[in-house]
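This report concerns only the one structure given below.
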Amino acid sequence: MKDDIKIRNYKNSDELEWLDLHASVMVDSYAWWIVIHKKPNYKKETIDLVACHNERIIGFTTGEVNSEMSKSNEVFIWEFGVHRNYRGKNIGRIMIKNLHKIMNENYGLNKSIWYSQDPASIEYYKHIGMKEIGRHWQLSLVPTKEQKDAFKKDNFYCRNIRGACDIDKLDEVRKIFTTDDDDDTLKPMICVGFEYVK
Ligand SMILES: CC(C)(COP(=O)(O)OP(=O)(O)OC[C@H]1O[C@@H](n2cnc3c(N)ncnc32)[C@H](O)[C@@H]1OP(=O)(O)O)[C@@H](O)C(=O)NCCC(=O)NCCS
Numbered sequence: 009m010k011d012d013i014k015i016r017n018y019k020n021s022d023e024l025e026w027l028d029l030h031a032s033v034m035v036d037s038y039a040w041w042i043v044i045h046k047k048p049n050y051k052k053e054t055i056d057l058v059a060c061h062n063e064r065i066i067g068f069t070t071g072e073v074n075s076e077m078s079k080s081n082e083v084f085i086w087e088f089g090v091h092r093n094y095r096g097k098n099i100g101r102i103m104i105k106n107l108h109k110i111m112n113e114n115y116g117l118n119k120s121i122w123y124s125q126d127p128a129s130i131e132y133y134k135h136i137g138m139k140e141i142g143r144h145w146q147l148s149l150v151p152t153k154e155q156k157d158a159f160k161k162d163n164f165y166c167r168n169i170r171g172a173c174d175i176d177k178l179d180e181v182r183k184i185f186t187t188d189d190d191d192d193t194l195k196p197m198i199c200v201g202f203e204y205v206k
């Protein structure tokens, strides 16, 4: 199988197939909480790879070089996924290896930054030797009547407030606000950041 897997650069004509795979990875992981309908564009240069089997895209990763999301001389990873039928076959690891090869050769960089709120992939990042650099809660608040009214004054009907809080502050946030715990997609989840140096 490994020999049949080809890693190549993403090209614009891949967009629909890439989005299909992204949506598929979304339904069986907690990697993202919104469906995307277009491949995002980023401000800085990206390293954008897909893994293919029989010409079909079965994996992807996108890293932004010197992203505003991380420090300079780092690559911030926006996307990383492998189709469920192909997991555990080293494809993720091969994509990371290829990504770092391009980082080294084209940009002289050796550090990538990975964030995830998907519990399985958090274990994966630990397993392959990434170092934790921080963690926080991702959560949504049910707006209070006062908050709804304040927004409504400005013609906005607020249904939900999305944000984050420090890892030790969820209880304090809950003393003041109501977190949206019933919605499986929006419920509070711990997001862990990792760095990988190679
Ligand atoms: C995370 C993900 C991309 C990993 O891809 P993959 O191709 O299945 O991983 P690999 O086959 O390269 O695994 C490499 C090693 O990690 C191990 N591993 C795989 N998944 C693991 C998990 N959930 N927990 C612990 N170890 C794991 C493998 O057994 C293998 O170990 P070994 O080399 O010591 O034998 C894939 O599981 C995925 O698409 N998950 C859903 C999307 C997601 O959460 N993305 C990341 C956050 S944005």
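Numbers 9 to 206, taken from our numbering, label the letters of the sequence shown in order. Idealized CB from N, CA, C, for every residue including glycine. In this text the structure is predicted, and so the values were computed from the model without any measurement.
query	result
List the whole-angstrom C-beta distance separating methionine 103 from alanine 59, where the pair is believed to meet the contact cut-off of C-beta under 8 Å.	6 Å
Of the choices Asn20, Tyr50, Lys109 and Lys19, whose alpha-carbon is the least far from that of valine 205?	Lys109
Suppose contacts are defined by Cβ-Cβ distances below 8 Å. Is isoleucine 65 in contact with leucine 29 by that definition?	yes
Between the segment 70-85 and the segment 173-192, do at least 3 Cβ pairs fall closer than 8 Å?	no
In chain order, which beta strand (DSSP E) runs of at least 3 residues are fully inside the segment 152-182?	169-174
Report, in whole angstroms, the separation of the C-beta atoms of lysine 139 and phenylalanine 88, which I expect to be a contact under 8 Å.	About 17 Å separates the two Cβ atoms, so there is no contact after all.
Tell me whether tryptophan 122 sits in a helix, a strand or coil according to DSSP, three-state version.	strand
Please report the distance separating the alpha-carbon of tyrosine 38 from that of asparagine 114.	32 Å
Taking 7 Å as the cut-off, is the CB of asparagine 98 close to at least one heavy atom of ligand 1?	yes
Considering only residues of the segment 82-110, which uninterrupted alpha helix (DSSP H) runs meet the minimum length of 4 residues and lie entirely inside it, listed in chain order?	99-110
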